[in-house]
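Worksheet: one structure, shown below.
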Amino acid sequence: MDFFKLELEDLKSKGLFRSIKNIERIEGKYIYIEGKKYLDLSSSNYLGLRDDPRIKEEVKRAVDLYGFGSGASRLVCGTADVYMELEELLRTEKKQEAALFFNSGYDANLGVISCIMGKNDVIFCDKLNHASIYDGISLSGAKLVRYKHNDMEDLKKKLIKHRAGCEKAMIVSDTLFSMDGDLAKLKELVDLKEAHGALLMIDEAHAGGVLGENGMGLAELEGLLGKVDINMGTFSKAYGGQGAYICASKIIIEYLVNKTRSLIYTTAIPPAVAAGNLEAMKIARDESWRREKLLGLAAYLRDHLRNLGMDTMGTESQIIPVVCASNDKALELSQELYRRGILVPAIRKPTVTKPRLRVSLGALLDKEDIDFFVEELKEAIFKMDR
Ligand SMILES: *Cc1c(COP(=O)(O)O)cnc(C)c1O
Numbered sequence: 006m007d008f009f010k011l012e013l014e015d016l017k018s019k020g021l022f023r024s025i026k027n028i029e030r031i032e033g034k035y036i037y038i039e040g041k042k043y044l045d046l047s048s049s050n051y052l053g054l055r056d057d058p059r060i061k062e063e064v065k066r067a068v069d070l071y072g073f074g075s076g077a078s079r080l081v082c083g084t085a086d087v088y089m090e091l092e093e094l095l096r097t098e099k100k101q102e103a104a105l106f107f108n109s110g111y112d113a114n115l116g117v118i119s120c121i122m123g124k125n126d127v128i129f130c131d132k133l134n135h136a137s138i139y140d141g142i143s144l145s146g147a148k149l150v151r152y153k154h155n156d157m158e159d160l161k162k163k164l165i166k167h168r169a170g171c172e173k174a175m176i177v178s179d180t181l182f183s184m185d186g187d188l189a190k191l192k193e194l195v196d197l198k199e200a201h202g203a204l205l206m207i208d209e210a211h212a213g214g215v216l217g218e219n220g221m222g223l224a225e226l227e228g229l230l231g232k233v234d235i236n237m238g239t240f241s242k243a244y245g246g247q248g249a250y251i252c253a254s255k256i257i258i259e260y261l262v263n264k265t266r267s268l269i270y271t272t273a274i275p276p277a278v279a280a281g282n283l284e285a286m287k288i289a290r291d292e293s294w295r296r297e298k299l300l301g302l303a304a305y306l307r308d309h310l311r312n313l314g315m316d317t318m319g320t321e322s323q324i325i326p327v328v329c330a331s332n333d334k335a336l337e338l339s340q341e342l343y344r345r346g347i348l349v350p351a352i353r354k355p356t357v358t359k360p361r362l363r364v365s366l367g368a369l370l371d372k373e374d375i376d377f378f379v380e381e382l383k384e385a386i387f388k389m390d391r
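The opening residue of the sequence shown carries number 6 in our numbering; numbering runs sequentially from there.
Here's what the structure looks like:
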C-alpha cells in the first residue's frame, strides 16, 4: 500500500493530483455542481446537443424498443438494426465503402491500430496525437516514429529514413488537436502517404460535427474525404453522445470485424446510445447554424484574447488555450474563475509543454457569455498579480 500512497503524495507535491468533480445536472450551457451554476467552458459539447430534446426522445424510444443493454458483443448477437443504420449514414456521409461502430474512441484507436499494424511495420505519429493512438501503437508492436507537431518537413525526412525497411507503413494524425486547437495539414499528409506508400489514418474526434459543410470534419472541409484510408471519429464530443466509428474500404472493415479485439471481446454499448448518436448526427448535419455560430464565437474570443496580448498558440478552432506562466498559475486562475462561476480547466505539464487554461466553446453560448468570460479573466489575472 505504501507504493500507491507515495506515488499519490508525489503527485500532490507537484501540484498534479487530480480528483473527479460531481456534476448534478446540465442545462444547455450551464453545469450544476454542489448546488451552484457554472458557465461551461470545459466540456466537448461543442454543438450543444448533449441535452437536446429530440435526441432524448430518440433514446427513450430505443429503450422501449430494444431494452436497456445490448446483450452481447456485436459479433455474437449484440447488433440491433440501429447500429447498421448509423453505419450506413456514416458510410455515405464520409464517402467511404464501409463503416464500423465502436464503443468509444479509445476502443477504436486502441483496437484498430493494434489490429492493422504489427511488428514488421512502422507508424509515423504526430507528437501531439491523442493518448489512445499512442496506446494502440504500443500494443501493435510496430516501430513508432514520432514527428514534430504538424512539421511536414520533419515527417518527410523520417519517412525517407524509416519507411524502406518495413512492411506496412501508417501515418496517423489528429485533425483538430485537442490541446492546442490547431489543424493538421491534411493535404500534405495525403501527398506524403501517397509518395511513400503508407496508409493514412486520421482522428476527427474534435472536428467531427464542427468542420465541413455537413460537419464531416477536416477531411470534408478540405475536400479530401476520398483520400483518407482510415477515417476515425467519435460521438463523444460534438455529438454529445458516446461511441466512435471507423470508415474505410470494405476490405479493411471486413478485416477489422474479424480481427479487432476491442470490438470482438466487449459487449456493445446500449442500442439506445446508438439511436441517440444517429439522431445527433442528423441534427448536426442539418443544422449548420450550430457550427457557424460556434466558429464565429471562437474567432471572436481569439481576437479578444490576442488583442489583450495573451498567448493562444496556433488555435484555429473552438478549442482555445490561454497560456500561463506556470502549472501553479494555471491552476490558480482556473480556481479563481471557478469561484466566479466559470468552469474552465487548467492543463498542466507534463500533459502539455506550456501550462494553460483550456477553453472549449459551445454553440449554445452567446457573445455576452464570451464578454463575461473575458472580463472575469482580466479581473482574475489582475487579482492574482497584485
Ligand atoms: C476524446 C478523444 C478520443 C477518445 O474518444 P472517447 O470516445 O472519449 O473514448 C480519441 N481521440 C481524440 C483525439 C480524442 O479527443
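Note that CB positions come from ideal geometry on N, CA and C, so glycine has one too. Predicted model, so just to flag it, every value in this text is computed and none were measured.
Item checked: Buried versus exposed, by CB contacts within 10 Å (16 or more), K19 -> Taking all protein chains in view, the Cβ of K19 is surrounded by fewer than 16 other Cβ atoms within 10 Å, so the residue is classified as exposed.
Item checked: Minimum length 3: unbroken beta strand (DSSP E) runs contained in the region 297–347 -> Segments of the beta strand (DSSP E) lying fully in the region 297–347: 324–328.
Note to self: Tell me which residues share the same chain as L80 and place their Cβ nearer than 8 Å to its Cβ, disregarding the 5 neighbours each side in the sequence.
What the structure shows: Once the five neighbours on either side are set aside, the close Cβ partners of L80 are V262, L268, I269.
Note to self: Given a cut-off of 8 Å on the beta-carbon distance, is the pair E363 and I324 in contact?
What the structure shows: Looking at the sequence itself, residue 363 is Arg, so the reference to Glu does not match. Contact: yes.
Next item on the list: Can you grab the Cα-Cα spacing for the pair H201 / L164, in whole Å?
Entry: Distance between the alpha carbons of H201 and L164 is about 7 Å.
Next item on the list: Kindly indicate the opening and closing residues of the beta strand (DSSP E) around N236.
Entry: Start and end: 235–239.
Notebook entry, point to check: Does DSSP classify F22 as helix, strand or coil?
Noted result: Of the three classes helix, strand and coil, the one that applies to F22 here is coil, per DSSP.
Check: Do H135 and S78 have their C-beta atoms within less than 8 Å of each other?
Finding: Taking 8 Å as the Cβ cut-off, H135 and S78 do not qualify as a contacting pair.
Item checked: Alpha-carbon to alpha-carbon, M286 and G246 -> Straight-line measurement puts the Cα of M286 at about 10 Å from the Cα of G246.
Check: When we look at the beta-carbon of P360 and count the other beta-carbons within 10 Å, is it buried (16 or more) or exposed?
Finding: If you draw a 10 Å sphere on the C-beta of P360, you find 16 or more other C-beta atoms in it, and that means buried.
Item checked: Straight-line gap, S293 to G222 (C-alpha atoms, nearest Å) -> Answer to the nearest angstrom: the Cα atoms are 13 Å apart.
Margin query: So for S137, helix, strand or coil by DSSP?
Written below: S137 falls in the helix class under three-state DSSP.
Notebook entry, point to check: Who pairs with I251 in a beta bridge, going by DSSP?
Noted result: DSSP lists L105, M237 as partners of I251.
Next item on the list: Identify every residue that forms a DSSP beta bridge with L362.
Entry: The partner list for L362 (beta bridge, DSSP) reads V327, A351.
Item checked: Opening and closing residue of the beta strand (DSSP E) in which D45 lies -> Counting along the chain, the beta strand (DSSP E) containing D45 begins and ends at 41–45.
Check: Of the residues I25, L52, D187, which one's Cα is nearest the Cα of G33?
Finding: Minimum Cα distance to G33 is reached at L52.
Notebook entry, point to check: What are the boundary residues of the alpha helix (DSSP H) that L164 is part of?
Noted result: For L164, the enclosing alpha helix (DSSP H) covers residues 157–167.
Next item on the list: Kindly identify the DSSP beta-bridge partner or partners of F129.
Entry: Under DSSP, F129 takes part in a beta bridge, and its partners are V150, I176.
Next item on the list: Name the one or two DSSP bridge partners that T272 has.
Entry: For T272, the beta-bridge partners assigned by DSSP are S78.
Next item on the list: Check D208 in the structure and name its three-state DSSP category.
Entry: Three-state DSSP puts D208 in a strand.
Note to self: Can you tell me whether A277 sits near ligand 1, meaning its C-beta is under 7 Å from at least one heavy atom of the ligand?
What the structure shows: No.
Item checked: N-terminal and C-terminal residue of the alpha helix (DSSP H) that I375 is part of -> That run of the alpha helix (DSSP H) goes 372–390.
Next item on the list: Using only alpha-carbon positions, find the residue among L46, V349, A277, S365 that is nearest to V68.
Entry: For the residues L46, V349, A277, S365, the minimum Cα distance to V68 belongs to A277.
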